[in-house]
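Student: To start, I am sharing the structure in question, which I have written as structure tokens.
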Amino acid sequence: MEIKDNELLRQFEIITETGLVAIEYSIQERKLFLTKFCNNSNEDEELHNEFIKTVLELAQERKLKVVPTHAKFISFFRKNRKFQEMLPPGIKI
């Protein structure tokens, strides 16, 4: 999966058959705030989860902590406990 980090729009993007799928973010003090998930009528849940996993692996490479602020990301963290260590101290999901 090829992810484009569009720094101007502050979003990670992938192109699918149904269009653009994006995760909007904000970076502050070595923390990656995941603020919005834009699926643009793409309902493939497996693709969404793979996209989120790839973004989290990218954040791990950059040594960033992750703060999920959108309900989709919070539910992803609840289902995938292995990413819990990426949360900053004091945030429990």
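The opening residue of the sequence shown carries number 1 in the UniProt record's numbering; numbering runs sequentially from there. Every residue gets a Cβ at the ideal spot worked out from N, C-alpha and C, and that includes glycine.
#1: Smallest Cα separation from alanine 71: which of Phe37, Ala22, Gly19, Met1?
#2: Cβ of isoleucine 3 within 8 Å of Cβ of leucine 58?
#3: With a cut-off of 8 Å, do at least 3 Cβ pairs link the segment 59 to 68 to the segment 8 to 24?
#4: Beta carbon of isoleucine 74, beta carbon of isoleucine 93: below 8 Å?
#5: With the cut-off set at 8 Å, would you say tyrosine 25 and threonine 35 are in Cβ contact?
Tutor: According to the data block:
#1: On the sequence shown, residue 71 is found 71 positions in, with the first residue counted as 1. Answer by Cα proximity: Phe37.
#2: For this step, residue 3 is matched to residue 3 along the sequence shown. For this step, residue 58 is matched to residue 58 along the sequence shown. Against a cut-off of 8 Å, the Cβ pair of leucine 58 and isoleucine 3 comes out as a contact.
#3: no
#4: The residue you call residue 74 lines up with position 74 of the sequence shown. The residue you call residue 93 lines up with position 93 of the sequence shown. Contact: yes.
#5: Counted from its first residue, the sequence shown places residue 25 at position 25. Counted from its first residue, the sequence shown places residue 35 at position 35. Contact flag set, yes.
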